[in-house]
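Using this note's numbering, you'd call the opening residue of the sequence shown number -17 and step up by one each time.
Glycine residues also receive a C-beta, built at the ideal position from the N, C-alpha and C atoms.
As the structure is a prediction and not an experimental result, all values here were calculated from the model.
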Amino acid sequence: MVIAVLLFCFHAVAFGQGHVIRGKVRSASGPNQPRVTVSLESGNGALLNQTVTNNEGDFLFGNLSDNSYVITVSAPDYNSVSERVEFVRSVNANDPGETRTVEIILTAKMSTSRRGGVRFVQAVPKAAEDAFTQATKMLGDGRVDEARAALEISLKIFPDYFDARFLFASELFKQGKLDDAINQLNEAQRINPKDARVWYLFGTLLLQQRKYAVAARVFAEAANLNPTEPQYSFMQGVALIDQSANEQSEAKRSGEVRAFFLSEAEKALIRAYELSGKKLALVHLQLARVYEKRGDRKRAAEELEQYLRSPDAKNPAEIRVAIKKLRESER
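Here it is, written out as structure tokens:
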């Protein structure tokens, strides 16, 4: 497919001359935060680019030419965080630029937008809470095995400890222990089925297992629980596109089924774009996939061109090649 390169555009960057901003996003309790939205703004607040963190909470912006930027991180159920990044030297033919590394710490909102507006609160035994606190500190120090042991102690004391179950599931997911992560998520969901973050992590895990249809439904439930978060609808759209491709590989499945998944994917992606205030540029990449799979190469090329209007768009050379091929195939 012409747009196969787009599957690699989330985090790959072709470097030339220019400043570089590398970063990591963690929660205040220690865990890295995957797939959260990171915005790059100019010194005066104009949006320049967006990306999402990878599974380790890392993000990167390259080929920057100005000396002043603001990084803003937004994640479900966390307060938005902004941090200014300044460069000293100017980029020129004799100076390829500087690299800055930032670490963004997210703090949980005191109240949530979950259904009913009620925050989930538990009376946790002190011994279990102390073990959980130790685990979060150990994770912050990179002592993963010790943190896991502390979480096991916490859950042995209080098996219905939601925060401990969710944190344990997140760590197991990052370690690639998907079956164990599912077990913890099942317990977390039993304890608090209204927390959209659990459904979101479930969906991300299911995507890794290529269970696209189930992942799409799970992301839809996350969006239902927290309808103001664009990332949930965005990932629902991605899962639906992958499901349409999966259906296409099965000869017995009708074109109507594939068309349905693509239509639902388009709706979810447009909804995510609107919820983001039309700032989530990655939507254009996924809409291009939708239109190419429909055979509408003109609209696919237009979406890629729209994405390239975002300054510092990732893999611009490869995307221009994809646009050229799409335009040529229109003739």
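query, result
"Does DSSP put Glu111 in a helix, a strand or coil?", "helix"
"Between which two residues does the beta strand (DSSP E) containing Lys6 stretch?", "1 to 9"
"On a Cα-Cα basis, can you pick out the residue from Asp40, Arg17, Ile3 that is closest to Glu68?", "Ile3"
"Taking the alpha carbon of Pro78 as the reference point, which residue from Val20, Ile53, Val70 has its own alpha carbon closest?", "Val70"
"Skipping 5 residues on each side, what residues in its chain have a beta carbon closer than 7 Å to that of Gln191?", "Leu160"
"Going by DSSP in three states, Asn36 sits in which element: helix, strand or coil?", "coil"
"Would you mind sorting Arg240 into buried or exposed? The rule is 16 or more other CB atoms within 10 Å of its CB.", "buried"
"Roughly how many angstroms lie between the CA atoms of Ala178 and Phe201, to the nearest whole one?", "9 Å"
"Rounded C-beta distance between Ala113 and Ala132? I'm assuming under 8 Å.", "5 Å"
"Tell me the residue span of the alpha helix (DSSP H) that contains Glu169.", "160 to 173"
"Taking the alpha helix (DSSP H) that Leu137 belongs to, which residues open and close that run?", "126 to 139"
"If I follow the unbroken alpha helix (DSSP H) through Leu183, where does it start and stop?", "178 to 190"
"Helix, strand or coil for Leu244? Go by DSSP, reduced to three states.", "helix"
"Can the beta-carbon of Phe140 be found less than 8 Å from the beta-carbon of Ala163?", "no"
"Which residue's Cα is closest to the Cα of Arg281: Thr33, Gly259, Glu248, Leu121?", "Glu248"
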